[in-house]
Amino acid sequence: MSSTHRFDRAFANAPVIPFSDESKFILFSDCHRGDNSGADDFANNRNIYFHALKHYYQNGFTYCELGDGDELWENLSFDILFESHKNVYGLMQQFYAEGRLHLIWGNHDMVYKNQHYVEKHLHKFFDRKTDSDQPLFPGIKVHEGIILKHKETNQELFLCHGHQADWMNYVAWRFNRFMVRVLWRPLQGAGISDPTSPAKNYQELIKVERRTKKWITQRNNQFTITGHTHRPRFPEPGDIAYFNDGSCVHPRSITGLEIENGAITLIKWQIATTDEGFLRIIRIPLEGPQKLIDYRTK
14 MSSTHRFDRA
24 FANAPVIPFS
34 DESKFILFSD
44 CHRGDNSGAD
54 DFANNRNIYF
64 HALKHYYQNG
74 FTYCELGDGD
84 ELWENLSFDI
94 LFESHKNVYG
104 LMQQFYAEGR
114 LHLIWGNHDM
124 VYKNQHYVEK
134 HLHKFFDRKT
144 DSDQPLFPGI
154 KVHEGIILKH
164 KETNQELFLC
174 HGHQADWMNY
184 VAWRFNRFMV
194 RVLWRPLQGA
204 GISDPTSPAK
214 NYQELIKVER
224 RTKKWITQRN
234 NQFTITGHTH
244 RPRFPEPGDI
254 AYFNDGSCVH
264 PRSITGLEIE
274 NGAITLIKWQ
284 IATTDEGFLR
294 IIRIPLEGPQ
304 KLIDYRTK
């Protein structure tokens, strides 16, 4: 199956979520929440991410996570991730309880394709204090893609992880998971990167972006937002409507996309030093805001 067919299938099966100019969304991907060990890339930015996500919760945003939220290649089970980052999952639980959480699976958490796995690990958790199962995200389904559809303009925004354009990380993901788990994870501490990852292999990144843009063009410039490559993308109106929210494992920063007031903005959260010498977490707009309607095809 070609990348075009994989994108087509994800688009065809994507649930549609209506929205309006009053709606507010924050899109993050590639958190790679791990076990809080030296191999856990998320651990370095955990405080930045938690602060940013709390800001969005308090300000009424809906959180869409576009895949690779959980690092289930390096780690055998979700349970250890939950124990390592309980505060994060607790905050996500608050989003979900208010109908403001949507999850998409990527290659590193592709096990969420299996609804039985989702029901076993995400619907509930074992509370050591009470020695009983407690609800986490009861009834949740993790999708391959989501379509945000504007109530008035009918403009459709397609959200997916983006590994549909990456054969090795979609079709051969089990082999890649095995290699990461037994080979690259032990070498990660020595600074040796996984060469199959487009985030760490520029040639693979370019191939993934080229295939994604080809699919977008074939579908009359379908507005599309992905993650996977870890490289933020924010096109000008009139260009190929390919957006990428970046990742939450950049060195000392995270990037994402905000949708608010009918516009989209690429943002970065990072730690900065004040004139008084205090450290604080700040939000920096990188691109936009740009009206969504500016990308609508005629």
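Here the numbering used here is used: the first residue of the sequence shown is 14, the next is one more, and so on.
For glycine and all other residues, C-beta sits at the position ideal for the given N, C-alpha and C.
Note that the structure is predicted; figures quoted are calculated from it, not measured.
{"Asked": "Figure out for me which residue from F108, L218, A285 and F95 has the closest Cα to the Cα of G73.", "Found": "F108"}
{"Asked": "Sort out for me which residues DSSP pairs Y183 with in a bridge.", "Found": "In the DSSP output, where bridge partners are listed per residue, Y183 has none listed."}
{"Asked": "Touch check for the segment 30 to 47 and the segment 264 to 274: three-plus C-beta pairs under 8 Å?", "Found": "yes"}
{"Asked": "Within a Cβ cutoff of 7 Å, which residues of the same chain sit near I219, ignoring the five residues on either side of it in sequence?", "Found": "none"}
{"Asked": "Just how far apart, CA to CA, sit G152 and Q106?", "Found": "12 Å"}
{"Asked": "Check whether the Cβ atoms of F247 and L279 sit closer than 8 Å, and answer yes or no.", "Found": "yes"}
{"Asked": "Looking at D258: is its Cβ nearer than 8 Å to the Cβ of L104?", "Found": "no"}
{"Asked": "Measuring only the C-alpha atoms, how far is K281 from V101?", "Found": "19 Å"}
{"Asked": "Taking the alpha helix (DSSP H) that H68 falls in, what are its first and last residues?", "Found": "R59 to Q71"}
{"Asked": "Give, in chain order, every unbroken run of the beta strand (DSSP E) that is at least 3 residues long and sits entirely within the segment 94 to 160.", "Found": "114 to 117, 137 to 140 and 145 to 148"}
{"Asked": "Under 8 Å by Cβ, that's how I've got H45 and E96 pegged, so tell me the actual separation to the nearest angstrom.", "Found": "Not quite, the Cβ-Cβ distance comes to about 16 Å (not below 8 Å), so this is no contact."}
{"Asked": "By a C-beta neighbour count over all protein chains shown, 10 Å radius and 16 as the cutoff for buried, is G175 buried or exposed?", "Found": "buried"}
{"Asked": "Quick one: Cα of Q168 to Cα of L292, how far?", "Found": "41 Å"}
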